[in-house]
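Protein chains: 2
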Amino acid sequence: MGFLLAQLGRAATRGYRCALMPIGVKPRETAALMRLQDGPLSQQELGTALDMDPSNLVALLNDLEARGFAVRSRDPQDRRRHLVGMTDQGRAALDEVVAAAADVDDEFFSALTQEERELLHELLVKIGESTEIPPPVEVAEAEDGC
Amino acid sequence: MGFLLAQLGRAATRGYRCALMPIGVKPRETAALMRLQDGPLSQQELGTALDMDPSNLVALLNDLEARGFAVRSRDPQDRRRHLVGMTDQGRAALDEVVAAAADVDDEFFSALTQEERELLHELLVKIGESTEIPPPVEVAEAEDGC
DNA sequence: TATTGTTATACTCTATAACTATA
DNA sequence: TATAGTTATAGAGTATAACAATA
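Structure below.
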């Protein structure tokens, strides 16, 4: 079943990329901004929340910061950390972007009723929680590496 | 919601890659073999079934064919077409691979009950059908490009 | 010594256009 | 002319290791 999940996920991402291109924001950047909505995160936290390696997050944040959508500031508590927050400009962009993404979702999940969509959402969140993906502040040790 | 779908899809793929590596088969190759189970397909058909561009399918099939898991043969009806079928060796490999993939699924969806998994599967299939992904023999014209 | 962010690099995936052979 | 497969290539995404600054 994971194959189906992956395939649909790719298709959804393609839809996002298509719809977000005119706005000039990538799907991943959108996901990052959405994560930052609820307050600043360290890059580690953001990385685990987005399920991407911190090293790969650097370029993405450089881009967001260059365009004035996000800001990095050193955490006074632990000067190793960068607290990533979003700017007002970022918030404004996010509004626009979220609207476009909602349209994509609307078409992508058009085969499902509203109830089914909510149900699907619940199921996905449940999986995400079990694989410690969505909850931002929570670090898991993989140990497996693989 | 598509972002969540995409993220979980990536995580699932990573799990597959991890579990399939020792067997020497990639997630996409596994998906391809599964598609070929029910009979030969043209590369176009296989491409749409896997939601990947036919041009990118070439290398994948070269690999499968080199290892004796699949065979390409010209369609006598239309000599432009390659009918892609799987060999007995491919079938044997698939058995092994499917078992490993099932283990991955089992862990990945461990947060869901059996009922919930079936429900999720139904919902995903429904989405897939609406975006003309899963049904192998069915071509859609995008027109959008994008 | 361990952790955060960074850099660099290699590898895979994806997208696109152009080519060939057949129709 | 249009289609199936192929080739080549550029771009995006991903994984890994090593490094500097800080703890």
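Top to bottom, those sequences are chains A and B.
So that you can map any letter, position 39 of the first sequence is 39 in our numbering, and since no number is skipped, the others follow by simple counting.
So that you can map any letter, position 140 of the second sequence is 1140 in our numbering, and since no number is skipped, the others follow by simple counting.
Each residue gets a CB set at the ideal place from its N, CA and C atoms; glycine is no exception.
It should be emphasised that the depicted structure is a prediction, and the values quoted were computed from it without experimental measurement.
Whole-Å CB distance - residue i paired with residue j, under 8 Å assumed
{"i": "residue 87 (chain A)", "j": "residue 71 (chain A)", "result": "6 Å"}
{"i": "residue 1043 (chain B)", "j": "residue 1057 (chain B)", "result": "6 Å"}
Residue j beta carbon less than 7 Å from that of residue i
{"i": "residue 1108 (chain B)", "j": "residue 2 (chain A)", "result": "yes"}
{"i": "residue 120 (chain A)", "j": "residue 1112 (chain B)", "result": "no"}
{"i": "residue 9 (chain A)", "j": "residue 1005 (chain B)", "result": "yes"}
{"i": "residue 1104 (chain B)", "j": "residue 1041 (chain B)", "result": "no"}
{"i": "residue 1019 (chain B)", "j": "residue 1092 (chain B)", "result": "no"}
{"i": "residue 1131 (chain B)", "j": "residue 102 (chain A)", "result": "no"}
Within chain B, the residues that residue i reaches when beta carbons sit closer than 7 Å
{"i": "residue 126 (chain A)", "result": "1111 and 1112"}
{"i": "residue 130 (chain A)", "result": "1110 and 1111"}
{"i": "residue 51 (chain A)", "result": "1007, 1010 and 1011"}
Neighbour flag for residue i against chain B, beta carbons, 7 Å
{"i": "residue 24 (chain A)", "result": "no"}
{"i": "residue 86 (chain A)", "result": "no"}
{"i": "residue 95 (chain A)", "result": "no"}
{"i": "residue 120 (chain A)", "result": "yes"}
Minimum Cβ-Cβ distance from residue i to chain A less than 7 Å
{"i": "residue 1099 (chain B)", "result": "no"}
{"i": "residue 1004 (chain B)", "result": "yes"}
{"i": "residue 1045 (chain B)", "result": "no"}
{"i": "residue 1070 (chain B)", "result": "no"}
{"i": "residue 1105 (chain B)", "result": "yes"}
{"i": "residue 1123 (chain B)", "result": "yes"}
Residue from the options whose Cα sits closest to the Cα of residue i
{"i": "residue 24 (chain A)", "options": "A:45, A:64 and A:54", "result": "A:64"}
{"i": "residue 1027 (chain B)", "options": "B:1073, B:1127, B:1110 and B:1094", "result": "B:1094"}
{"i": "residue 1089 (chain B)", "options": "B:1067, B:1034 and B:1039", "result": "B:1067"}
{"i": "residue 1096 (chain B)", "options": "B:1075, B:1114 and B:1069", "result": "B:1069"}
Closer than 8 Å at the beta carbon, the chain A residues around residue i
{"i": "residue 1015 (chain B)", "result": "2"}
{"i": "residue 1031 (chain B)", "result": "3 and 7"}
Closer than 7 Å at the beta carbon, the chain A residues around residue i
{"i": "residue 1115 (chain B)", "result": "Within 7 Å Cβ-Cβ: nothing; residue 1115 (chain B) doesn't reach chain A, min ~11 Å."}
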